[in-house]
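Working notes, structure below.
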């Protein structure tokens, strides 16, 4: 079986995928299961409130600077090893990181700095889709 092809996030890709010409007005973006390896070129989506990137091949939380309106972030079922680079997400209320490769509870402390965070998922309610080392 061939590995899934990789998708790069570019401004043109976002415009085609969403049908929005002005990325600043976009309030939600769903890009699940697309083989995305890096979060990039999303910082121009300054009014985005919900970002879903589950089921991709993302290894690092990065490229989210400037998303000050972001309230919901779903990065479940990726390959993320560390929790970081969330400081600028001051409006974040829900963070889903279940089914990744996070193995250190020390990284969870980075999440406590988010002033509006109300929901934080490292595994499903039934204990499935957990992170291996936690």
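Numbering (my numbering), first residue to last: 643 to 776.
C-beta atoms are modelled at their ideal positions from N, C-alpha and C, and glycine is treated no differently.
DSSP-derived helix/strand/coil call for residue i
{"i": "residue 647", "result": "coil"}
{"i": "residue 665", "result": "helix"}
{"i": "residue 653", "result": "helix"}
{"i": "residue 688", "result": "coil"}
{"i": "residue 752", "result": "helix"}
{"i": "residue 710", "result": "coil"}
Residue range of the beta strand (DSSP E) that includes residue i
{"i": "residue 693", "result": "692–694"}
{"i": "residue 671", "result": "670–672"}
With 16 other Cβ atoms within 10 Å as the buried cut-off, status of residue i
{"i": "residue 755", "result": "exposed"}
{"i": "residue 726", "result": "exposed"}
{"i": "residue 751", "result": "exposed"}
{"i": "residue 716", "result": "buried"}
{"i": "residue 740", "result": "buried"}
{"i": "residue 746", "result": "exposed"}
{"i": "residue 719", "result": "buried"}
{"i": "residue 661", "result": "exposed"}
{"i": "residue 612", "result": "Examination of residue 612 is not possible in this model, given that the chain is present from 643 through 776 alone."}
{"i": "residue 738", "result": "buried"}
{"i": "residue 668", "result": "buried"}
One or two residues paired with residue i in a DSSP bridge
{"i": "residue 716", "result": "694, 738"}
{"i": "residue 761", "result": "736"}
{"i": "residue 678", "result": "649"}
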